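S.K.: Chains A and B, in that order, are what the protein sequence lines are. The first sequence begins at 0 in numbering that gives the first Met the number 0 and counts up by one. The second sequence begins at 0 in numbering that gives the first Met the number 0 and counts up by one. Ideal placement from N, C-alpha and C gives every residue a C-beta, glycine not left out. Small disclaimer: the values here were computed from a predicted structure and weren't measured.
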Amino acid sequence: MFKKVLIANRGEIAIRVIRACRDLGLATVAVYSDADRAALHVRLADEAVRLGPAPSSESYLNVAALVDAARRTGADAVHPGYGFLSENAAFAEACAAAGLVFVGPPARAMRELGEKTAARRLAREAGVPTTPGLMQALEDPLELRRQAHDLGVPVVLKAAAGGGGKGMRIVRDEAQLDVLIRSAMGEARGAFGDASLYVEKYLEPARHVEVQFVADTQGRVVWLGERDCSVQRRHQKLIEETPGPGVDERIREQLGDAAVRLARASGYVNAGTAEFLIVNGAFYFLEVNARLQVEHPVTEAVTGIDLVTLQLRIAAGEPLPFVQGDIVRRGHAIECRISAEDPYRDFIPAAGTIGFVREPAGPGVRVDSSLYPGLRVPTEYDPLLSKVIAHGRDRAEALSRMRRALRETVVAGVRTTIPFHQFALEEPDFIAGAYDTDYVSAHWPPAAAALPPETVAAAAIAAVMSRRRHAASAEPADGSSWRRSAREDALR
Amino acid sequence: MRYRCRVGASDVDLDIDVMGRVAIEGSSISADVEAVGPDLWSILIDGRSHEVAVLERDPLRVRIDGGEVELALVDERTRIGARQSGADARPYEVRAPMPGLIVAVHVREGDVIDEGGSICTLEAMKMENELTVPRRARIARLRASAGAKVNGGDLLAVLAPE
């Protein structure tokens, strides 16, 4: 096992990795941009190194600065978290060249899985069903057009080098094809320096279900269970749960088997996730995320396996401490992502400074968070602030605990996704587990509900108190200022 | 001091007297308010616990009882000022400020009355209160009738610009 780990990330995931390192007795090095000097991950680590100015390209994506920070602090391993450089083969190679262990899959596996049509070919060879469509990327718009026509709308155009929805276009009307091909190519060129696209049949309504797997350097691969991540906005997940409400034991075994075959075919080592669409009981391979996922805690909750310490052990060359038959999944777990976004304005990222914060606790509740009062939410990065995870004996108990947890949660100073989560957890289709990737657009935002009179009364009283407090800012915040300020008010 | 407060989609009148006693829509309630932090209050209404945290200030948005709601507050003086400056020419409702007995009605529908003129006399807490108009207006609708008992917040008349 190594001695010191540099965490090439920020926010809640950097804290998650620091915690795993602490549990294993490893020293930690945080890195930060100028926007993150005060961030929690910097304060919780043993050491911290400045990378550069706020923009990602000059800080968290700066390979030279990261490798240099690791070298200067004497770190012997680098954990990339998710996002940023986590799936960047060149970064993994730069780490290796500097004598650093990269906590993730080998660069070769990353490359093979990162080019989307290569991953589709690999899946086909491994006997894993893929969505109907191209197995080769194309740069010729006319040929793309022909292929899309042959598939028949709806189809989806995707950037071959892609990810994160960039260069992705859903085509429902063939007359739109030329325009959308052009705009997708332009976006792909801008985002990845590679305009090539492929096209596949667009399947809807679908459930987005993924399988967590782990592989060690000895060639052993074990799958740990699935997660349903269908509740999304802008192709980004909001809620994840395991087991998947629409996944029966037969499909679960098939998905697990498919994930293991994909891992073996790509020479995968470490933790990874195979993503699938499930349509009418049939599943289709989407892609492999060659890294730790945001939603890994739900799998940790039901399996009792700490995925991040396991990642570190695998990277250190240790064998998996279990075989497939040892894996037992207990109960149900669900995660809600608390992001700085305005759910009432199409989930646009929100800026602000965090005021009062109360995060939930209690039986069955876990919080992975980067929040603290005074945090200025940077606009340069992903808006994820924290994750609330609830675990219960069954889905009903997990949902009930999540409702309780969200009710306790207060995040002042910035708009968050909390109202959406509270809505979904009371919404009959979600409660029934009957949802797909269209859930958000089909259900949100809801019509305004009437408030109980007593809530209205308490809110009105608070409005008066708030005005008084800010009219007379010298007023102490302690004790029973109510009567005194009422008297003052009467004397105005 | 009287305030009119918009809470989400509802409007309520809130009265706070010098002793810190509170009435909502004219009905007094037992409210114990404790500031437990900056922009954070614990409010016990008839023993039921509510926590209110200010999330954003402009516009005012709070978290209360596990939900989020937007608030807007107008106090009486601001409202009268707005009316006197002619900023608010919309119909204006006159509501009973407290529960009581209408002992006399001094106007009929369609009457135009001058600023300060009385619509009706409301007896409450053994005192007679004249409900007056804030400026010259026409009685567009009259609901008050002599001898009627009213609750706080009951509509008595709707005034329209002359």
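I'd like the span of the beta strand (DSSP E) that includes A:Val178, first residue to last.
M.R.: Here A:Val178 belongs to no beta strand (DSSP E); instead the alpha helix (DSSP H) covers Leu176 to Phe191.
S.K.: Taking 8 angstroms as the CB-CB limit, is A:Met401 close to chain D?
M.R.: As a matter of chain content, chain D is missing from the structure shown, whose protein chains are A and B.
S.K.: What does DSSP give as the partner residues of A:Gln235 in its beta bridges?
M.R.: Per DSSP, A:Arg232.
S.K.: Taking the alpha carbon of A:Asp22 as the reference point, which residue from A:Leu319, A:Gly162 and A:Gln310 has its own alpha carbon closest?
M.R.: The option with the nearest alpha carbon to A:Asp22 is A:Gln310.
S.K.: My understanding is that A:Ala404 touches A:Val387, with C-beta atoms under 8 angstroms, so please give their C-beta distance in whole angstroms.
M.R.: Confirmed, about 5 angstroms.
S.K.: Is the beta carbon of A:Leu409 less than 8 angstroms from the beta carbon of A:Arg357?
M.R.: The identity of residue 409 of chain A in the sequence shown is Val, whereas the question assumes Leu. Against a cut-off of 8 angstroms, the Cβ pair of A:Arg357 and A:Val409 comes out as a contact.
S.K.: Taking a cut of 7 angstroms between CB atoms, which residues from the stretch 119-138 of chain A lie near chain B?
M.R.: Answer in chain order: no residues at all.
S.K.: Check the C-beta distance from B:Arg137 over to B:Ala159 and give it rounded, since I have them as a contact under 8 angstroms.
M.R.: Correct: roughly 5 angstroms between the Cβ atoms.
S.K.: Using a Cβ cut-off of 8 angstroms, pull out every chain A residue sitting near B:Tyr91, in sequence order please.
M.R.: The contacting residues do not exist; B:Tyr91 stays about 20 angstroms from chain A at best.
S.K.: Would you verify that the beta carbon of A:Val170 is, or is not, closer than 8 angstroms to some beta carbon of chain B?
M.R.: No, A:Val170 lies away from the interface with chain B (no Cβ there is under 8 angstroms from its Cβ).
S.K.: What's the call for A:Gly73, buried or exposed, on a 16-neighbour Cβ count within 10 Å?
M.R.: Exposed, since its Cβ has fewer than 16 Cβ neighbours within 10 Å.
S.K.: Give the interface partners of A:Asp376 over in chain B, defined as CB-CB distance under 7 angstroms, in chain order.
M.R.: The identity of residue 376 of chain A in the sequence shown is Val, whereas the question assumes Asp. Residues of chain B passing the Cβ test: none, with the nearest at roughly 13 angstroms.
S.K.: What's the gap between the Cα of B:Leu121 and the Cα of B:Arg60?
M.R.: Roughly 36 angstroms between the two C-alpha positions.
S.K.: Got a sec: is the Cβ-Cβ distance from A:Leu450 to anything in chain B below 8 angstroms?
M.R.: It does; some Cβ of chain B falls within 8 angstroms.
S.K.: Between the stretch 453-464 of chain A and chain B, which residues of the former have CB atoms less than 8 angstroms from a CB of the latter, in chain order?
M.R.: Answer in chain order: Glu453, Thr454, Val455, Ala456, Ala457, Ala458, Ala459, Ile460, Ala461, Ala462, Val463 and Met464.
S.K.: Would you mind telling me which residues of chain B sit closer than 8 angstroms to A:Pro418, beta carbon to beta carbon, in chain order?
M.R.: Simply Gly66 and Glu67.
S.K.: Ignore the nearest five residues each way along the sequence and tell me which others in A:Asp393's own chain have a CB closer than 6 angstroms to its CB.
M.R.: So the list reads His331, once near-sequence residues are dropped.
S.K.: Which parts of the stretch 362-449 of chain A are runs of the alpha helix (DSSP H), unbroken and 4 residues or longer, counting only runs that do not cross its ends?
M.R.: Runs found: 394-407, 417-423, 427-430 and 438-442.
S.K.: Can we count B:Arg62 as close to the ligand FMN, meaning its CB is less than 7 angstroms from some heavy atom?
M.R.: The ligand FMN is not among the ligands present in this structure, which contains no ligands whatsoever.
S.K.: Would you check if the distance between the CB atom of A:Ser385 and the CB atom of A:Ala38 is smaller than 8 angstroms?
M.R.: No, the Cβ-Cβ distance between A:Ser385 and A:Ala38 is not below 8 angstroms.
S.K.: Would you tell me roughly how many angstroms separate the C-alpha atoms of A:Glu199 and A:Leu150, rounded to the nearest one?
M.R.: Looking at the two C-alpha atoms, the distance is approximately 7 angstroms.
S.K.: Quick check on the burial criterion: 16 or more other C-beta atoms within 10 angstroms. Buried or exposed for A:Leu450?
M.R.: The residue in question, A:Leu450, is buried, as its Cβ has 16 or more Cβ neighbours within 10 Å.
S.K.: Tell me whether A:His323 is buried or exposed, calling it buried when 16 or more other Cβ atoms sit within 10 Å of its Cβ.
M.R.: Checking the displayed sequence, the identity of residue 323 of chain A turns out to be Gln instead of His. Its Cβ having fewer than 16 others within 10 Å, A:Gln323 is exposed.
S.K.: When burial is assigned at 16 or more other CB atoms within 10 Å of the CB, is A:Lys236 buried or exposed?
M.R.: With 16 or more other Cβ atoms within 10 Å, it is buried.
S.K.: Who does B:Asn128 pair with in a DSSP beta bridge?
M.R.: BP columns for B:Asn128 point to B:Leu121.
S.K.: Where does A:Ala64 sit, in a helix, a strand or coil, going by DSSP?
M.R.: Correct three-state label for A:Ala64: helix.
S.K.: Between A:Phe275 and chain B, is there a C-beta pair that is closer than 8 angstroms?
M.R.: No, A:Phe275 lies away from the interface with chain B (no Cβ there is under 8 angstroms from its Cβ).
S.K.: Along chain B, in chain order, which residues have C-beta atoms closer than 7 angstroms to that of A:Val409?
M.R.: Going along chain B in sequence order, the residues near A:Val409 (Cβ under 7 angstroms) are Ala52 and Arg62.
S.K.: I'd like to know if A:Gly354 contacts chain B, where contact means its C-beta is closer than 8 angstroms to some C-beta of that chain.
M.R.: For A:Gly354, the answer is yes, since a Cβ of chain B falls inside 8 angstroms of its Cβ.
S.K.: Can you have a look at B:Ser48 and say buried or exposed, based on whether 16 or more other CB atoms are within 10 angstroms of its CB?
M.R.: Burial call: exposed.
S.K.: Indicate whether A:Phe284 and A:Thr415 have their beta-carbon atoms separated by less than 8 angstroms.
M.R.: In this structure, A:Thr415 does not lie closer than 8 angstroms to A:Phe284 by Cβ.
S.K.: Could you list which residues in chain A have their beta carbon closer than 7 angstroms to that of B:Gly7, in chain order?
M.R.: Neighbours of B:Gly7 on chain A, chain order: Ala447 and Leu450.
S.K.: Let's see if you can read the secondary structure: which residues bound the beta strand (DSSP E) around A:Glu253?
M.R.: Looking at the sequence provided, one finds Gln at residue 253 of chain A rather than Glu. Counting along the chain, A:Gln253 falls outside any beta strand (DSSP E), though it belongs to the alpha helix (DSSP H) covering Glu248 to Ala264.
S.K.: For the stretch 15-73 of chain B, list the beta strand (DSSP E) runs that are entirely contained and at least 3 residues long, ordered along the chain.
M.R.: The qualifying runs are 21-23, 26-28, 30-36, 39-44, 47-56 and 59-63.
S.K.: At 7 angstroms on the CB atoms, spell out the chain A contacts of B:Val21, in chain order.
M.R.: Within chain A, the residues near B:Val21 are Ile460.
S.K.: Among the residues of its own chain, which have a CB less than 8 angstroms from the CB of A:Arg144, if the five just before and after it don't count?
M.R.: Excluding residues within five positions, the ones whose Cβ falls inside 8 angstroms are Leu176, Asp177 and Ile180.
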